[in-house]
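A.B. asks:
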Amino acid sequence: MPRNARVVVPGLPYHITQRGTNREDVFFTIADRKLYLRLIVENLEWAGVRILAYCLMSNRVHFIAVPEREGRTTACTTA
1 MPRNARVVVP
11 GLPYHITQRG
21 TNREDVFFTI
31 ADRKLYLRLI
41 VENLEWAGVR
51 ILAYCLMSNR
61 VHFIAVPERE
71 GRTTACTTA
């Protein structure tokens with residue numbers, strides 16, 4: 001059965017998570033984390049999302065993100 005479409009309300013915060021396949025590690029070094037954060041920062045304006053908070057763990061990432069306009073959390077997670 002298809003999943004319902006997400007409702008994205010600009011200006012409201014969303015909890016976005018990303019996890020490694022089979023809960024495997026996605027970050028192995030501090031350099032991996034720095035590169036990941038640099039890529040996120042470089043794409044924030046294009047994605048139209050503000051990040052209020054984040055947590056990088058060895059096998060997952062958590063963001064509290066606020067879309068600036070409709071439909072932008074999808075752009076952020078697929079970039």
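Residue numbers 1 to 79, in full-length UniProt numbering, belong to the letters of the sequence shown in order.
Ideal placement from N, C-alpha and C gives every residue a C-beta, glycine not left out.
No experiment lies behind these values; they were computed from the predicted model shown.
From which residue to which residue does the beta strand (DSSP E) around A47 run?
C.D. replies: A47 -> not in any beta strand (DSSP E); alpha helix (DSSP H) instead, spanning 30-47.
A.B. asks: Quick one: residues in its chain with C-beta nearer than 6 Å to the C-beta of Y53, no 5 flanking neighbours on either side, listed in chain order?
C.D. replies: At residue 53 the sequence reads Ala, which differs from the Tyr that was named. Contacts found: I64.
A.B. asks: Leaving out five residues on either side along the sequence, give the residues of the same chain with a beta carbon under 7 Å from the beta carbon of R23.
C.D. replies: These residues qualify, in order along the chain: N59.
A.B. asks: Measuring alpha carbon to alpha carbon, tell me which of V66, Q18, V8 ends up nearest E45.
C.D. replies: Ranking V66, Q18, V8 by Cα distance to E45 puts V66 first.
A.B. asks: Apart from the five residues on each side of it in sequence, which residues of its chain come closer than 6 Å, Cβ to Cβ, to L56?
C.D. replies: These residues qualify, in order along the chain: R33.
A.B. asks: Beta carbon of Q18, beta carbon of V61: below 7 Å?
C.D. replies: Yes; because the gap between Cβ atoms is below 7 Å, this pair is in contact.
A.B. asks: Along the chain, where does the beta strand (DSSP E) containing T21 start, and where does it finish?
C.D. replies: Element bounds for T21: n/a, residue is neither H nor E.
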